[in-house]
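In what follows, a single structure is set out as structure tokens and then discussed.
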Amino acid sequence: MRVEGYGLVDRARPVRFSFDGQGHEGFAGDTLASALLAGGMRLMGRSFKYHRPRGVFTCGSEEPSALMTVGDTPNVRATVQEVFAGLEARSQNAWPSLKWDALEVNDLLSPFLGAGFYYKTFMGPHRLWERLFEPVIRRAAGLGALSGARDAARYEKAFAHCDLLVIGAGPAGLMAALVAARSGAEVILADEGARMGGRMLLEDEEVGGLPGTLWADEVLAELAALPNVRLMPRTTVTGAYDHGTYGALERVALHLPDGDAPRECFWRIVARRAVLAAGAIERPIAHPGNDRPGVMLAGAVRGYLHRYGVAAGKRVVVFANNDDAHRTVQDLHAAGVRVAAVVDSRPEVPRDAPWPVHAGAVVAATRGRLGLEAVQVRGAGREIWIEADCLAVSGGWNPALHLTSHMGARPVWNEAIAAFVPLPGAVPGLEAAGAAAGVMDTAGCLADGLRAGKAALKALGRRTKAVSLPEAVAEVGGIDAFWQVQAKGRAWLDLQNDVTTKDVALAAQENFRSVEHMKRYTTQGMATDQGKTSNVTALAVLADATGRSIPATGTTTFRPPYTPVSIAAMGAGALGDGFAPQRFTTSDSAARQRGAPMIEAGLWYRPSYFPAPGEATWREASDREVGMVRQAVGVTDVSTLGKIDVQGRDAGRFLDFVYTGRMSTLKPGRVRYGLMLREDGHVMDDGTAARLNDGHYLITTTTAAAGQVMQHLDFVAQVLRPDLDVSLMSVTEQWAQFAVAGPRALELVNAVTDAEITDAEWPFMSCGAVPVAGVAGRLFRISFSGERGYEIAVPARYGESLWRLLVAQAEMLGGGPYGMEALNVLRIEKGFLTHAELHGRTTAFDLGMQGMLKSEGDFIGKAGAARPGLLADDREQLVGLRPVGAVKQLLAGAHLFEAGAEAVRENSQGYVTSAGYSPTLQSYLGLAFLKGGRARLGETVRMVDHLRSVQTLCEVVAPQVFDAGGGRMRG
Amino acid sequence: MRLPCPCCGDRDIREFTYRGAALARPGEGAGIDRWDDYLHLRDNPAGAVRDLWYHGGGCGAWLVVERDTVTHAVDGARLAAEGL
Amino acid sequence: MRYSAFEILKQGLTGNRGWKPVWRDPVPKDEYDIVIIGGGGHGLSTAYYLAKEHGLRNIAVLEKGFIGGGNVGRNTTIVRANYFLPGNSEFYSHSLKMWEGLESDLNYNVMHSQRGLINLFHSDGQRDAFARRGNAMINQGDDAVLLDREGVRRHLPYLDFDNVRFPIYGGLLHPRGGTARHDAVAWGYARGADSRGVDLIQNCEVTGIDISGGRVTGVQTTRGAIRASKVGIVVAGRSGQVAAMAGMRLPIESHVLQAFVTEGLKPVIDHVVSFGMGHFYISQSDKGGLVFGGDLDFYASYAARGNLPMKEHVMEAAMTLMPVIGRARVLRSWGGIMDMTPDGSPIIDKTPVDGLYLDAGWCYGGFKAVPGSGFSFAHLIATDRHHAPAARFRLDRFRSGAGLMDEEGTGSQHNLH
């Protein structure tokens, strides 16, 4: 019910929305909860386990009960969601309807469904869990449902930096921000509310002679006008991380109909100092029947009146153990809302009031199926029922100290306010102020905020500009700790998860006495609200049940995020191909133009094959391309291989230290194959080292390992060998490089170079500068195909032109471009290696390259590779395979066995790493690791692929099957 | 988390790669136990450590960072090239 | 007391007043035959199998905090046997078989759910590597199915098949893979051990290990000295500190691994899905929360909490792979301390100190190993012989280089896994 003359909503701007298909009207400035309450709605949801009717319990982000699906978004707290025209909200976890929910039957079974019941049953027979129990439980569990649609809405992430981050824009936060801002510090003031002002918006109080909301607006106006201040409303600081880093979620457009704006933005805020002024969260008293719609926190009832002009009921009973709740009584009365009774657990309460006061009394029961109808007050030895549609409860206030625990610190118990307060210094650079620090009066909060602001300025080394402290209410209400009413019936703690005081008592009875055990056994505090209103009360109940004090019982740990954060917001930007960078070669568009399917390699894309007219499968294209290279000439882009420029007086000695071979003896103009080991003696990568000049090498890495090798070389240069004069630079992206391979490769090279290339000047494994079509390029005579091969490099900006020129010229010679499929077959025919063989577990010895380990001088991995375990004869060694059985197919990933042996682990002799069909040899060929393989050439082994139901007999052969002598590439 | 790069100033941890304890590499001819120490065995303290980080997303420097593994407090960082 | 549906009915009708403590809170004795340091999953299962399989009774489990408060209570609950290297292969196979009989053995519902695990692959090379793995699993007697892209689509129609940065080529399905309720595993073993006479002693931190003449003689604790002729160290991320009490340095570095859970949702993900390119794995708990995790934060740490870059990376992986869960909200994130070995595989072995045994190095995969690890470690402690399925988990493999189990192929050096 709206109350005239109250509220900060704009009554001139009505807003139409719907709940469960029914039209409702609210005002601009309403939340879903306030608008529904204004319309007299109390039933807003169902609890998780017993499907009990639930209404709104709080007026903030701590809400455990009023959860709804808004549009496509489940589990939205109605207390936070602002209404907008056309908003569609639906209730959740109820079927067939919110009023008549079939699973309410669970409530009747509650004696059997207490804490942890599921650990004690459903234990078989085998597989019945997956087939019967689990599906039923899963369907019943959960709250809202995802829509099933791909979330393609916009989300953003951003960074921000500041001197001071103030979290919360209530009295304390505003004062801290004000003094810091006036003193010139860069300030970010973040508040989870749509409107800043914090508790000022929910109270009827004067600050500095003005109504509290006006005072807040004046301060905010001053802050907004300052260039060194960023105000961030609708922004919840969700986590405190190391070294002044905070995560924050801004609800950018959740209060608007669908439009262009991102829905949410996840901020990474780096702050030199921070003030936590997040206020406090009220807690209830656990009494029987305290979960009915209409039972609310007293501060929330007051808040709905002042902020939204909504009376939460027509006849309100207030039940409390503290003075603060009496303000709710006064404010309701002043607004003309009938207070049917005030029930205070403390015996010493003034009784001279215009409303009935029950001192030393408690609420012992309630009535009402879908909403509160009456409460039973028990005191002075008698029990009376009082009709009421709203029960406003307060058990005191807990500082919202969650962020101070995000680095693992436990809060400390403060007896005076019967609550936990932050451990000072728990998060370096962050200080709590105001109610978040346990200061519970407005004047105190203003002063504490100012103090915290000044302390931050001092830590920042800034002088403080004078800020006067406004006058405000300075009385701290009294409180006598009172947690639970001992009476028949269930008293709820965790309203969402349906955890009652009986569950906590049962946990203690079963010796789940540690607070962590209790939490996990009962699921207390594990719902969407993470127990913001219930954890401390549950702790007190546990303390009671185990005969310990609250501080001795301890607390569970608060962990980020403070309120839930959508995966989409924190994962913003990754949708589709945004997950990782995409790297494109200079020939990329040319390859795509020819219809080449591009495949991902490292972060690069490379052409799989270049389809020709009439070719139906990739195999046809690949076979043709292999034949082209073997018989004429092929061109392929090898720019993705890592290229590292190594320069300096000691470049050669440096390379001797990182390669197994010796690079210092390489003559200028020559290239050598090299193997790099990790320090543990296994092969890290292979590639070539080309000596361009005395003190200038260019080395290549595999595509996938380029970054790792660069980091490794930097490590060696800076950490292990700072004595060497060497400079390193990745030039992978600066040079486009193309391999030209085949019997007619020299003709093709000469068709694009300005100077004539001859075998006499350019023997196998030579390198040097050449002008290419008027551009200063480089030529390397190396081969990964086994054919006469060259690699031509030009600065990347000429890459595409050179590619197109090479392809055109190659086609005139009966050749053309070839892709990764053909490249793979060509190298398998030659026994050349890729990461299929260099998979990180192989040694030079395994690969048959033990001869490449120089005996003179130290190098990375030398000692590691010499360990006995890495040289054992029964290690798996690289071999080639040819199928000789009835089935002529080989499959990478298949395992090898002796011909007559059963295909089980104990008999496994090795596995196939690479396999492909060789059109050259008209046979499948494979590379494999086989136990003691080098001594088993000529043996027949059985290849078994269980997964694809293929097995065949293979002959073990040397890895180099085609042109083993290498005559073709040496030319 | 942020690390103070001597070249670049305070930078977000996402620019860095971790390597582990800053240990001296055994010289040539060191025995298998010395290598086992260097490659595998760790003090792994809960407290102060000196470890190696690579500023690959920045200046490319290898740093020795003094740090606490329990609190994550960072005491300082210097270039590894100046010695471990 | 025996748990059953009947017992629940009986207790429910009598006010649930008859439920007994699940374990006692014994005062530590001066001497035990065997002391197990660490009341996590592995320590509790070790004690349970020492009692059950070897008939030993005079055993104490010493726990610094509360039973099950370590990594067994903070993980993504995945249970699988999809390893391919000898050593790991037979061990995890054995452990999975134990899971399959665990509930009836413990008389405790650990909610082991064999809902199927799918590892996605995104290139021909990855397919080949997964084929090798799947064939190894079948060689071991376990189950594996190689799915092509359409096969993955049949199981996981909600993945983004069209736009992802790393297109889905297929997946390796491990039908017997799945999840379990992590806390229940700890409590079930604790209850089983307690009922067989094992003393579970909480809030009892070991501060020293007594060694005399190269032989362990007992431990010092915050609750006094306790003599024992055999001591097992099973403390995961704290292995380095406890081993140091015996003068040992271990091939272990402690790292933080984060995990995440969302608000409860109606069923959306029926399998365990693993996305290697994003170091991302996810399942949905029976309560409805999406439970997922990513890679290590990658710095040595004992702070059981992580930082933002890895959190964001994990969410980004989720968004590129299954944007259907974008509106799900993360409720809680936490960090565990992982005992990382150089090759990423564990250690169950004797130590150079007589009577002192070590079970450690489970890296980020210890949960699924709880039954197998406890069984094999109990066997080692009780008999002084290695249990066959765990016989390769030797401490000296790093020094010698023999029998390294580097499943990822990133190297048997620290900080590469």
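As you go down the protein sequences, you meet chains A, B and C in turn.
Position 444 of the first sequence, counted from 1, bears residue number 435 in the numbering used here, the numbering being contiguous throughout.
Going from the second sequence to the numbering used here is simple: count from 1 and add 2.
Going from the third sequence to the numbering used here is simple: count from 1 and add 173.
The beta carbon of each residue, even a glycine, is placed where N, CA and C say it ideally should be.
**Prompt:** Hey, how far is the Cα of residue 420 (chain A) from the Cα of residue 455 (chain C)?
**Reply:** Within the first sequence, residue 420 (chain A) is the residue found at index 429, counting from 1. Within the third sequence, residue 455 (chain C) is the residue found at index 282, counting from 1. One C-alpha to the other measures close to 35 Å.
**Request:** Would you please verify whether the beta carbon of residue 376 (chain C) is less than 7 Å from any beta carbon of chain B?
**Result:** Position 203 of the third sequence holds residue 376 (chain C). Judged by the 7 Å Cβ criterion, residue 376 (chain C) is not in contact with chain B.
**Asked** residue 557 (chain A) touches chain C at which residues, Cβ-Cβ below 8 Å?
**Response** Sequence index remark: in the first sequence, residue 557 (chain A) carries index 566 (1-based). Ordered by position in chain C, the residues that pass the 8 Å Cβ test against residue 557 (chain A) are 499, 500, 501, 502 and 503.
**Request:** Starting from the N-terminal side, write out each stretch of the beta strand (DSSP E) that is 3 residues or longer and does not extend beyond the region 475 to 549 of chain A.
**Result:** At a cut-off of 3 residues, the continuous stretches assigned as beta strand (DSSP E) that sit fully inside the region 475 to 549 of chain A are 483 to 485.
**Message:** Using a Cβ-Cβ distance cut-off of 7 Å, determine whether residue 245 (chain C) contacts chain A.
**Reply:** If you number the third sequence from 1, residue 245 (chain C) lands on position 72. No, residue 245 (chain C) lies away from the interface with chain A (no Cβ there is under 7 Å from its Cβ).
**Prompt:** Given residue 14 (chain B), which residues of its chain have a CB within under 7 Å of its CB, disregarding the five upstream and five downstream residues?
**Reply:** In the second sequence, the residue the question calls residue 14 (chain B) occupies position 12. Correct list, in chain order: 4.
**Asked** Is the Cβ-Cβ distance between residue 200 (chain A) and residue 161 (chain A) less than 7 Å?
**Response** In the first sequence, counting from the first residue as 1, residue 200 (chain A) sits at position 209. In the first sequence, counting from the first residue as 1, residue 161 (chain A) sits at position 170. No, they are not a contact pair.
**Asked** Around the C-beta of residue -8 (chain A), are 16 or more other C-beta atoms found within 10 angstroms, so that it is buried, or is it exposed?
**Response** Within the first sequence, residue -8 (chain A) is the residue found at index 1, counting from 1. Under the 10 Å beta carbon count, residue -8 (chain A) is surrounded by fewer than 16 other beta carbons and is classified as exposed.
**Contacting residues, own chain, Cβ-Cβ under 7 Å from residue 51 (chain B) (five flanking each side not counted)** = Numbered from 1 along the second sequence, position 49 holds the residue referred to as residue 51 (chain B). Closer than 7 Å at the Cβ level, and outside the excluded window around residue 51 (chain B), lie 23, 69 and 71.
**Asked** At least one CB of chain C closer than 7 Å to the CB of residue 562 (chain A): is that the case?
**Response** As a position in the first sequence, residue 562 (chain A) is number 571, starting the count at 1. For residue 562 (chain A), the answer is yes, since a Cβ of chain C falls inside 7 Å of its Cβ.
**Asked** In angstroms, rounded to a whole number, what distance separates the CA positions of residue 666 (chain A) and residue 513 (chain C)?
**Response** For the purposes of this step, residue 666 (chain A) is taken as residue 675 along the first sequence, with counting starting at 1. For the purposes of this step, residue 513 (chain C) is taken as residue 340 along the third sequence, with counting starting at 1. Residue 666 (chain A) and residue 513 (chain C) have their C-alpha atoms spaced approximately 28 Å apart.
**Item:** Secondary structure, beta strand (DSSP E): runs of 3+ residues fully inside the region 57 to 134 of chain A
**Value:** Fully enclosed beta strand (DSSP E) runs of 3 or longer: 58 to 61, 64 to 68 and 79 to 81.
**Request:** Taking residue 24 (chain A) and residue 76 (chain A) to be in contact with their CB atoms under 8 Å, please state how far apart those CB atoms are, rounded to whole angstroms.
**Result:** As a position in the first sequence, residue 24 (chain A) is number 33, starting the count at 1. As a position in the first sequence, residue 76 (chain A) is number 85, starting the count at 1. Contact doesn't hold; Cβ gap of about 18 Å is too wide.
**Neighbour-count burial assignment, residue 574 (chain C), 16 or more Cβ in a 10 Å radius** = Here residue 574 (chain C) corresponds to residue number 401 of the third sequence, with the count starting at 1. It is buried - the Cβ of residue 574 (chain C) has at least 16 other Cβ atoms within 10 Å.
**Request:** Between the Cα of residue 406 (chain C) and those of C:524, C:484 and C:308, spot the shortest distance and give me the residue it belongs to.
**Result:** To locate residue 406 (chain C), count along the third sequence from 1; it is residue 233. The option with the nearest alpha carbon to residue 406 (chain C) is C:524.
**Asked** Within 7 Å (strictly less), CB to CB, does residue 16 (chain B) reach chain A?
**Response** Counting from one through the second sequence, the residue named residue 16 (chain B) turns up at place 14. With 7 Å as the cut-off, residue 16 (chain B) does not count as an interface residue toward chain A.
**Prompt:** What residues from chain A crowd round residue 273 (chain C), counting only those whose CB sits closer than 8 Å?
**Reply:** As a working note, residue 273 (chain C) is residue 100 in the third sequence. Under the 8 Å cutoff, chain A gives 117.
**Prompt:** Nearest chain B C-beta to residue 710 (chain A) closer than 7 Å, yes or no?
**Reply:** As a working mapping, residue 710 (chain A) is identified with position 719 in the first sequence. So, interface residue.
**Request:** Sort out for me which residues DSSP pairs residue 963 (chain A) with in a bridge.
**Result:** Nothing can be reported for residue 963 (chain A): it is not among the residues displayed for chain A, which extend from -8 to 962.
**Request:** Determine, using beta carbons only, whether residue 436 (chain C) comes closer than 7 Å to chain A.
**Result:** Reading the third sequence from its first residue, position 263 is the one you call residue 436 (chain C). Yes, its Cβ sits closer than 7 Å to a Cβ of chain A.
**Message:** Which residues in chain B have a C-beta closer than 8 Å to the C-beta of residue 476 (chain C)? List them in chain order.
**Reply:** As a working note, residue 476 (chain C) is residue 303 in the third sequence. For residue 476 (chain C), the chain B residues whose C-beta falls within less than 8 Å of its own C-beta are 71, 72, 73 and 74, listed in chain order.
**Item:** Top-ranked residue by Cα proximity to residue 368 (chain C), from C:569, C:193, C:286 and C:527
**Value:** The residue given as residue 368 (chain C) occupies position 195 in the third sequence. Selected option, being the one with the closest Cα: C:193.
**Prompt:** What residues from chain A crowd round residue 194 (chain C), counting only those whose CB sits closer than 8 Å?
**Reply:** Indexing the third sequence from 1 puts residue 194 (chain C) at position 21. By Cβ distance, chain A contributes 500, 501 and 502.
**Request:** To the nearest angstrom, report how far apart residue 235 (chain A) and residue 182 (chain C) are at their CA atoms.
**Result:** Here residue 235 (chain A) corresponds to residue number 244 of the first sequence, with the count starting at 1. Here residue 182 (chain C) corresponds to residue number 9 of the third sequence, with the count starting at 1. Answer to the nearest angstrom: the Cα atoms are 54 Å apart.
**Asked** What's the gap between the Cα of residue 890 (chain A) and the Cα of residue 288 (chain C)?
**Response** Here residue 890 (chain A) is taken as the residue at index 899 of the first sequence, counted from 1. Here residue 288 (chain C) is taken as the residue at index 115 of the third sequence, counted from 1. C-alpha separation (whole angstroms): 37 Å.
**Item:** Three or more C-beta pairs below 8 Å linking the region 808 to 820 of chain A and the region 750 to 766 of chain A
**Value:** no
**Prompt:** Hey, does residue 713 (chain A) have any beta-carbon neighbour from chain B nearer than 7 Å?
**Reply:** Here residue 713 (chain A) refers to the residue found at position 722 when the first sequence is read from its first residue. So, interface residue.
**Request:** Give every residue of the same chain whose Cβ lies closer than 6 Å to the Cβ of residue 267 (chain C), excluding the five residues on either side of it in the sequence, and list them in chain order.
**Result:** Locating residue 267 (chain C) in the third sequence gives position 94, where the first residue counts as 1. Excluding positions up to five away in sequence, the list reads 545 and 562.
**Prompt:** Can you list, in chain order, the residues of its chain whose CB lies under 7 Å from that of residue 686 (chain A), leaving out five sequence neighbours each side?
**Reply:** For this step, residue 686 (chain A) is matched to residue 695 along the first sequence. Here the set comprises 638, 639, 640 and 642.
**Any C-beta of chain A under 7 Å from that of residue 292 (chain C)** = By 1-based counting over the third sequence, the position of residue 292 (chain C) is 119. Not an interface residue.
**Item:** residue 51 (chain B): contacting residues in chain C (beta-carbon distance under 8 Å)
**Value:** To locate residue 51 (chain B), count along the second sequence from 1; it is residue 49. The contact set of residue 51 (chain B) on chain C, defined by CB atoms closer than 8 Å, consists of 473 in chain order.
**Prompt:** What does residue 424 (chain C) reach in chain B if we use C-beta pairs closer than 9 Å?
**Reply:** In the third sequence, counting from the first residue as 1, residue 424 (chain C) sits at position 251. Neighbours of residue 424 (chain C) across chain B, judged by C-beta separation under 9 Å: 38, 41, 42, 43 and 44.
**Request:** Leaving aside the five residues before and after residue 229 (chain C) along the sequence, list all residues of the same chain whose C-beta is less than 7 Å from its C-beta, in chain order.
**Result:** As a working mapping, residue 229 (chain C) is identified with position 56 in the third sequence. Excluding positions up to five away in sequence, the list reads 206, 207, 223 and 555.
**Prompt:** For residue 977 (chain A), which of helix, strand or coil comes out of DSSP?
**Reply:** Missing from the structure shown is residue 977 (chain A); chain A here goes from -8 to 962 and no further.
**Asked** For residue 676 (chain A), which residues from the same chain have a beta carbon less than 6 Å from its beta carbon, with the 5 sequence-adjacent residues on both sides left out?
**Response** Locating residue 676 (chain A) in the first sequence gives position 685, where the first residue counts as 1. So the qualifying residues of the chain are 667, 692, 693, 696 and 700.
**Prompt:** Are the beta-carbon atoms belonging to residue 15 (chain A) and residue 92 (chain A) less than 7 Å from one another?
**Reply:** Your numbering for residue 15 (chain A) matches position 24 in the first sequence. Your numbering for residue 92 (chain A) matches position 101 in the first sequence. No; because the gap between Cβ atoms is not below 7 Å, this pair is not in contact.
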